[in-house]
């Protein structure tokens, strides 16, 4: 199921602060869910296939096991990652991106493009 995203322009002639703030609530929600140093790298690490915990840890330089565990739980709560436990001995656990998280692709690319422009603006690179 794809989610269609519609953009709204602020009509400066009829600007109403309460309506503007209400319109920003979804933006705040999105930033809260994706905030932090590790969530986007985790999603990117899982973009090609499901992976086990240690595989993700190796893909993301500098993340501790404790932080990876916390961030995976947060992503699971927000339905961006699924955790699958296989009935093996010892148990095998795999993490994968949900269909819902795949809708972030365009958002991530837009952030990358904006970040590139911003970098050029600030430091000229």
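Numbering (UniProt numbering), first residue to last: 1 to 125. For glycine and all other residues, C-beta sits at the position ideal for the given N, C-alpha and C.
1) Only counting the same chain, and skipping five residues up and downstream in sequence, which positions put a Cβ closer than 6 Å to that of residue 56?
2) Looking at the structure shown, is residue 35 part of a helix, part of a strand, or coil, going by DSSP?
3) Return the residue from the list 101, 89, 91 that minimises the CA-CA distance to residue 82.
4) Among the residues of its own chain, which have a CB less than 7 Å from the CB of residue 16, if the five just before and after it don't count?
5) What does DSSP give as the partner residue(s) for residue 121 in the beta ladder?
6) So what's residue 47 in DSSP terms, helix, strand or just coil?
7) Out of 65, 96, 92, which has the shortest C-alpha to C-alpha gap to residue 75?
8) State the start and end residues of the unbroken beta strand (DSSP E) segment that holds residue 103.
9) Measuring straight from C-alpha to C-alpha, what distance separates residue 65 and residue 107?
10) Output the boundary residues of the alpha helix (DSSP H) element that contains residue 59.
With the structure as the only source:
1) 45
2) coil
3) 101
4) none
5) Answer by DSSP bridge pairing: none, since residue 121 is not bridged.
6) coil
7) 96
8) Neither: residue 103 is in no beta strand (DSSP E) and is coded neither H nor E.
9) 27 Å
10) 53-59
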